[in-house]
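A.B. asks:
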Amino acid sequence: MASSLRALRPALSTLSRASRTAATVPRTFTPAAMLNAGRQMRSYTEGIAHTPVFQLTEEEEMLKESVSKFSQEAVLPRVRAMDEAESMDKAVVEGLFEQGLMGIEVEEEYGGSGMGFTAAIVAIEELARVDPSVSVMCDVHNTLVVQAFRRFGSKTLKEKYLPRLATESCGSFCLSEPASGSDAFALQTKAVKKGDGYVINGSKMWITNAMESEIFIIFANVNPDLGYKGITAFIAEKNFPGFSIAKKEKKLGIRASSTCVLNFDDLYIPKENVLGEEGHGYKYAIGLLNEGRIGIGAQMTGLALGAWENAVKYCWNERKQFGRYIGENQGMQFQMAQARLDIEAARALVYNAARTKAAGANFQMEAAMAKLLASQVAGKVSGQAVEWMGGMGFVREGLAEKFWRDSKIGAIYEGTSNIQLQTISKILQKQYTN
Amino acid sequence: MTSLRILVPIKRAIDYAVRPRVNAAQTAVETAGVRHSMNPFDEISVEEAVLLREKHSPKTVEDIVAVSIGPPKTVEALRTAMAIGCDRSVHVEIPEKADMLEPLQAAKILKQVVDREKPNLIIMGKQSIDDDFSQTGQMLAGLLGWGQAYGASEISVDGDTLTVKREVEGGTDVVKGKLPMVVMADLRLNTPRFATLPNIMKAKKKKIDKLKLEDFKERAENRLKTLKVAEPPTRQGGGKVENVDGLISKLKELGAL
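For the record, the sequence lines run as chains W and G. The UniProt record's numbering puts the first residue of the first sequence at 1, with every later residue one more than the last. The UniProt record's numbering puts the first residue of the second sequence at 1, with every later residue one more than the last.
1. Please report the Cβ distance between residue 111 of chain G and residue 185 of chain G, rounded to the nearest whole angstrom; I am assuming they are in contact, meaning their Cβ atoms lie under 8 Å.
2. Beta-carbon within less than 7 Å of residue 285 of chain W's beta-carbon, same chain only, minus the 5 sequence neighbours each way: which residues are those?
3. Ignoring anything shorter than 4 residues or poking outside the stretch 161-189 of chain G, list the alpha helix (DSSP H) runs there in chain order.
4. Using DSSP bridges, identify the partner residues of residue 155 of chain G.
5. Mind pulling the chain W residues with CB within less than 7 Å of residue 44 of chain G?
6. Report the rounded CA-to-CA distance for residue 62 of chain G versus residue 121 of chain G, giving the unit in angstroms.
7. Considering just the uninterrupted stretch of the alpha helix (DSSP H) at residue 59 of chain G, what are its terminal residues?
8. CA-CA distance, residue 299 of chain W and residue 156 of chain W?
9. I think residue 137 of chain W touches residue 96 of chain W, with their Cβ atoms under 8 Å apart; what is that distance to the nearest whole Å?
10. Would you list, in chain order, the members of the stretch 201-225 of chain G that have their beta-carbon closer than 7 Å to a beta-carbon of chain W?
11. Considering only DSSP beta bridges, list what residue 293 of chain W is partnered with.
12. Straight-line CA distance for residue 215 of chain W to residue 376 of chain W?
13. Report the partner residues of residue 321 of chain W according to the DSSP bridge assignment.
14. Less than 6 Å between C-beta atoms, sequence neighbours within five positions excluded: which residues of the same chain meet that for residue 428 of chain W?
15. Which residue from G:124, G:55, G:216, G:19 puts its Cα closest to that of residue 42 of chain G?
16. Who are the Cβ neighbours of residue 39 of chain W in its own chain at under 7 Å, not counting the five residues just before and after it?
17. Starting from the C-beta of residue 165 of chain W, find all residues in its chain whose C-beta is less than 8 Å away, skip the five residues before and the five after it, and write them out in chain order.
18. So which residues on chain G does residue 238 of chain W lean against when the C-beta distance must stay under 9 Å?
19. If you run the structure through DSSP and keep just helix, strand and coil, what is residue 210 of chain G?
20. Determine, for residue 70 of chain W, whether the minimum Cβ-Cβ distance to residues of chain G falls below 8 Å.
21. Determine, using beta carbons only, whether residue 502 of chain W comes closer than 8 Å to chain G.
22. Given a cut-off of 8 Å, decide if residue 246 of chain W and residue 203 of chain W are closer than it, judged by their beta-carbon atoms.
23. Check each candidate in G:36, G:2, G:31, G:11 and name the one with the smallest Cα separation from residue 17 of chain G.
24. Please tell me whether residue 167 of chain G and residue 153 of chain G are closer than 8 Å, where the distance is taken between their beta carbons.
25. Classify residue 342 of chain W as buried or exposed, calling it buried when 16 or more other Cβ atoms lie within 10 Å of its own Cβ.
26. Hey, does residue 115 of chain W have any beta-carbon neighbour from chain G nearer than 8 Å?
27. Of all Cβ atoms in chain W, is any one closer than 8 Å to the Cβ of residue 80 of chain G?
28. Are the CB atoms of residue 208 of chain G and residue 91 of chain G nearer to each other than 8 Å?
29. For chain G, find out if any of its Cβ atoms is closer than 8 Å to the Cβ of residue 62 of chain W; answer yes or no.
30. How many Å lie between residue 19 of chain W and residue 208 of chain W at the Cα?
31. Closest to residue 186 of chain W by CA distance: which of W:352, W:223, W:197 is it?
32. Under 8 Å between C-beta atoms, does residue 14 of chain G make it to chain W?
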């Protein structure tokens with residue numbers, strides 16, 4: 001613990017500088033210095049400017065309010081219809097771009113909002129409270145696609161694509177294939193050098209946002225003999241010859257979010273559209289998915305909160321049986337309290353993972369834990385919420401049943417629950433092996 | 001064309017979606033831990049000021065300043081106003097626990113802010129949804145000796161002439177006035193935009209001038225005394241009647257006929 005605190009200290013002091021109530025960080029931490037500092041600081045630990053994990057900066061607070069308003073007024077009226085039609089309303093996508101929600105972390109010079117990672121997490125969570133499908137569009141676009149360009153793209157690629165991604169074009173992250181899901185690096189799609197570029201052949205599966213996207217990050221192997229070390233990330237556009245959407249999946253949940261099968265038939269990619277370095281694709285994918293998991297965690301806590309709020313409002317204000325609101329029965333009260341407790345515990349992990357990442361510390365285990373718990377809580381709470389509401393929870397008039405269906409994906413995408421457990425146990429085993 | 005210098009007085013109030021509760025002592029509405037946001041009528045005023053700038057050439061609207069009198073957290077409402085498009089703002093800070101100002105008290109302070117900022121158009125909400133007085137704008141116009149238009153549903157500017165449509169019972173009332181003027185916004189004037197993320201970030205860099213109540217020479221005394229605040233009586237459920245005859249006999253039964 002002490003060593004991890006030491007590791008975090010420089011980052012935390014940066015954080016404290018950024019926060020409104022900047023506290024003084026003493027340069028030395030000797031016991032004497034601590035005693036001398038005692039008048040200003042009650043203790044050593046409080047002195048390094050710990051803030052509650054849910055405390056937001058002024059801008060994050062404003063973003064939360066603005067996104068909440070947008071979801072209530074511009075998304076909520078369309079949620080049921082989009083789910084039934086299994087398609088995303090164009091007006092919602094346009095709204096996301098207009099609000100600056102598709103370029104949350106993109107620098108202002110590229111037309112983005114110039115906010116931080118936690119801001120993206122706040123936005124993803126707020127959107128999921130109303131519609132997890134809209135939330136995942138924002139999540140994948142921001143935490144995987146935009147991030148890939150920001151972190152690994154050349155200046156030319158950034159200049160070419162970031163302004164589009166921030167203001168008008170949705171993006172997809174294409175890693176999974178028919179025969180490679182959890183075992184992502186067993187991917188079969190091949191890229192062969194040809195002239196001044198590459199020719200890609202193969203197919204991808206489960207590609208989120210594919211129907212709406214114009215920009216695609218495709219992982220393909222340039223040298224299968226090297227195994228996963230041949231995996232390279234390429235940038236393709238929808239109108240590139242050889243690119244096609246083969247099929248749109250019909251799903252159990254998040255039905256408004258498109259999930260497609262893509263085919264690449266001699267898809268030509270100019271060499272300047274290689275993202276980062278050839279053969280480094282696997283590294284990029286791992287890194288991005290680590291961050292992405294925090295986003296999915298936020299989608300799941302937002303979903304859980306939305307399902308919980310929807311149900312308790314009904315139980316405490318509308319439904320009366322035996323002469324009182326059903327939420328006034330202790331059997332209900334305790335369940336509702338326990339569910340909220342579970343949600344807040346998961347949120348604490350999600351926000352802690354986000355702040356840990358923002359602080360520049362290692363966050364792989366934090367992210368895996370956050371995503372795992374959040375998806376478990378989302379599944380459990382949204383299921384209970386249906387039961388609390390009885391018949392009204394079961395009919396497709398309200399949103400209770402939809403939240404429950406939507407929660408299932410949380411245990412599947414961006415690393416299944418078992419993969420999260422494996423990640424966590426691998427890290428722990430490393431720490432505890434002599 | 002006269003360039004407009006718009007002042008938009010705003011207030012941070014309990015959020016419109018929150019159901020207000022009376023405090024235990026029955027002296028006021030409970031505000032601690034309750035969600036607050038910009039008074040909806042004021043959001044409309046801010047939007048209108050920004051719309052005027054967008055509708056006309058950029059030079060037409062020289063300056064849009066938001067001003068608010070309130071506790072420290074009022075800064076949040078000012079930041080929102082600047083994220084929607086105000087250029088800068090003035091915060092007259094009052095202590096957290098201080099009583100809410102009465103309309104004349106607010107109007108007197110605002111008048112002095114006007115003397116300082118020299119706007120030629122004031123757009124403000126016709127009322128705030130917390131105390132619902134709906135008096136501050138008119139008092140401010142009176143103190144300034146400016147023309148006023150209450151309950152605007154449409155504003156158009158032509159040189160230094162303002163035409164304001166007001167929704168009145170049974171139709172529309174159109175008033176014309178010369179600048180400087182005070183216009184009080186009604187709900188149907190416009191639909192406020194959401195603050196976008198890039199604008200939230202820009203708002204962070206905009207200036208907020210801090211003032212304190214003591215900085216104002218002219219101040220009014222409290223004129224009102226709150227005796228008791230109580231919840232409205234719970235509404236008794238009505239009854240249904242089968243037909244007109246049923247209605248008549250019910251009314252007779254109640255002694256209304």
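Glycine included, each C-beta is placed from N, C-alpha and C at the ideal position.
C.D. replies: On the basis of the data shown:
1. Along the second sequence, read from residue 1 onward, the residue named residue 111 of chain G stands at position 111. Along the second sequence, read from residue 1 onward, the residue named residue 185 of chain G stands at position 185. Not a contact, Cβ separation roughly 19 Å.
2. Within the first sequence, residue 285 of chain W is the residue found at index 285, counting from 1. 175, 184, 219, listed in sequence order.
3. none
4. Counted from its first residue, the second sequence places residue 155 of chain G at position 155. G:164, per the DSSP bridge assignment.
5. Taking the first residue of the second sequence as position 1, residue 44 of chain G is located at position 44. None at all; the shortest Cβ gap to chain W is about 14 Å.
6. Walking along the second sequence from the start, residue 62 of chain G turns up at place 62. Walking along the second sequence from the start, residue 121 of chain G turns up at place 121. Answer to the nearest angstrom: the Cα atoms are 11 Å apart.
7. Position 59 of the second sequence holds residue 59 of chain G. Unbroken run through residue 59 of chain G: none, as it is neither H nor E.
8. Against the first sequence, residue 299 of chain W aligns to sequence position 299. Against the first sequence, residue 156 of chain W aligns to sequence position 156. Going from the Cα of residue 299 of chain W to the Cα of residue 156 of chain W covers about 32 Å.
9. As a working mapping, residue 137 of chain W is identified with position 137 in the first sequence. As a working mapping, residue 96 of chain W is identified with position 96 in the first sequence. Right, their Cβ atoms sit about 7 Å apart.
10. Listed in chain order, the positions of the stretch 201-225 of chain G with a beta carbon within less than 7 Å of a beta carbon of chain W are 201, 204.
11. Here residue 293 of chain W refers to the residue found at position 293 when the first sequence is read from its first residue. DSSP output for residue 293 of chain W lists no bridge partner at all.
12. As a first step, residue 215 of chain W must be located in the first sequence, where it is residue number 215. As a first step, residue 376 of chain W must be located in the first sequence, where it is residue number 376. Those two C-alpha atoms are separated by around 32 Å.
13. Taking the first sequence and counting its residues from 1, the one referred to as residue 321 of chain W is at position 321. DSSP lists W:324 as partners of residue 321 of chain W.
14. Taking the first sequence and counting its residues from 1, one reaches residue 428 of chain W at position 428. Closer than 6 Å at Cβ, skipping near neighbours: no residue.
15. Within the second sequence, residue 42 of chain G is the residue found at index 42, counting from 1. If we check each option's Cα against that of residue 42 of chain G, G:124 comes out closest.
16. Against the first sequence, residue 39 of chain W aligns to sequence position 39. Confidence at residue 39 of chain W is low in this model, with a pLDDT of 47, below 50, so its placement is unreliable and the value that follows should be read with caution. Excluding residues up to 5 positions away in sequence, nothing lies with its Cβ nearer than 7 Å to the Cβ of residue 39 of chain W in the same chain.
17. The residue given as residue 165 of chain W occupies position 165 in the first sequence. Excluding positions up to five away in sequence, the list reads 102, 103, 106, 141, 145, 146, 149, 171, 215.
18. Within the first sequence, the letter at position 238 stands for residue 238 of chain W. The contacting residues do not exist; residue 238 of chain W stays about 26 Å from chain G at best.
19. On the second sequence, residue 210 of chain G is found 210 positions in, with the first residue counted as 1. Reduced to three states, the DSSP call for residue 210 of chain G is strand.
20. Translated into the one-based positions of the first sequence, residue 70 of chain W becomes position 70. Cβ-Cβ to chain G under 8 Å: yes for residue 70 of chain W.
21. Given that chain W is displayed from residue 1 to residue 434, the structure contains no residue 502 of chain W and the question cannot be resolved.
22. Locating residue 203 of chain W in the first sequence gives position 203, counting from the first residue. Locating residue 246 of chain W in the first sequence gives position 246, counting from the first residue. Closer than 8 Å, so yes.
23. Numbered from 1 along the second sequence, position 17 holds the residue referred to as residue 17 of chain G. Between residue 17 of chain G and the set G:36, G:2, G:31, G:11, the nearest pair of CA atoms involves G:36.
24. The residue you call residue 167 of chain G lines up with position 167 of the second sequence. The residue you call residue 153 of chain G lines up with position 153 of the second sequence. Yes. Within cutoff.
25. As a working note, residue 342 of chain W is residue 342 in the first sequence. It counts as buried.
26. Translated into positions along the first sequence, residue 115 of chain W becomes position 115. Yes - at least one Cβ of chain G is within 8 Å of the one on residue 115 of chain W.
27. Taking the second sequence and counting its residues from 1, one reaches residue 80 of chain G at position 80. Closer than 8 Å: yes.
28. For the purposes of this step, residue 208 of chain G is identified with residue 208 of the second sequence, where counting begins at 1. For the purposes of this step, residue 91 of chain G is identified with residue 91 of the second sequence, where counting begins at 1. In this structure, residue 208 of chain G sits near residue 91 of chain G, with a CB-CB distance shorter than 8 Å.
29. Taking the first sequence and counting its residues from 1, the one referred to as residue 62 of chain W is at position 62. Residue 62 of chain W counts as touching chain G.
30. Locating residue 19 of chain W in the first sequence gives position 19, counting from the first residue. Locating residue 208 of chain W in the first sequence gives position 208, counting from the first residue. For residue 19 of chain W, the predicted structure reports a pLDDT of 42, less than 50, and the residue's modelled location is therefore unreliable. A value from the coordinates is still provided. Their Cα atoms are separated by approximately 35 Å.
31. In the first sequence, counting from the first residue as 1, residue 186 of chain W sits at position 186. Nearest option by C-alpha distance: W:223.
32. If you number the second sequence from 1, residue 14 of chain G lands on position 14. Residue 14 of chain G does not count as touching chain W.
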